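Worksheet: one structure, shown below.
In this note's numbering, the protein residues as written are 19 to 160.
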């Protein structure tokens, strides 16, 4: 393993503990962060024709904006852990999420690097598309 890969692995291997809320069409992973804010990772089912997509969104303190509140590595570690656990629970054929390209934060590039790093180990391949100011990531089961 190269030093760069080791650094990425170590940076994202300490997620916060999650609690889950489940319904037929959604799964919500919730974490309480040390600063008292909440992290919510939401998985929503969308059925169209005979196909099912699961959409992922995450919110920190009821916002999807870059908060600047720090601790981003553990927050992303927690989001990645939630996705991995969701895949074990639901075993979806497809998972979809998006990132704003115009935010100036590099979020789209970060998501691209993370999803390409972890998708294969979850049993998925990645496809991404540009739509307006967003990058849409699709994970397809191998």
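Backbone N, C-alpha and C define an ideal beta-carbon position, used for all residues, glycine too. No experiment lies behind these values; they were computed from the predicted model shown.
Using DSSP with H/G/I as helix, E/B as strand and the rest coil, what is residue i?
i, result
"residue 55", "coil"
"residue 62", "strand"
"residue 119", "coil"
Distance check for residue j and residue i, CA to CA, integer angstroms please.
i, j, result
"residue 70", "residue 60", "16 Å"
Should residue i be listed as close to the ligand SAH, given that the test is whether its C-beta is under 8 Å from any heavy atom?
i, result
"residue 129", "The ligand SAH is not part of this structure, which contains no ligands at all."
Is it buried or exposed for residue i, if we count other Cβ within 10 angstroms and need 16 for buried?
i, result
"residue 33", "buried"
"residue 78", "buried"
"residue 129", "buried"
"residue 67", "exposed"
Leaving aside the five residues before and after residue i along the sequence, list all residues of the same chain whose C-beta is less than 7 Å from its C-beta, in chain order.
i, result
"residue 168", "In the structure as shown, the chain begins at 19 and stops at 160. Residue 168 is therefore absent and cannot be evaluated."
"residue 63", "43, 44, 70, 72"
"residue 161", "It is not possible to answer for residue 161, since the shown part of the chain is limited to 19 through 160."
Here's a check: name, in chain order, each residue in its chain whose Cβ is nearer than 6 Å to the Cβ of residue i, leaving out the five neighbours to either side.
i, result
"residue 97", "59, 76"
Requested in this report: Could you tell me whether the stretch 109 to 116 touches the stretch 45 to 58, using the rule of 3 or more Cβ pairs below 8 Å?
Outcome: no
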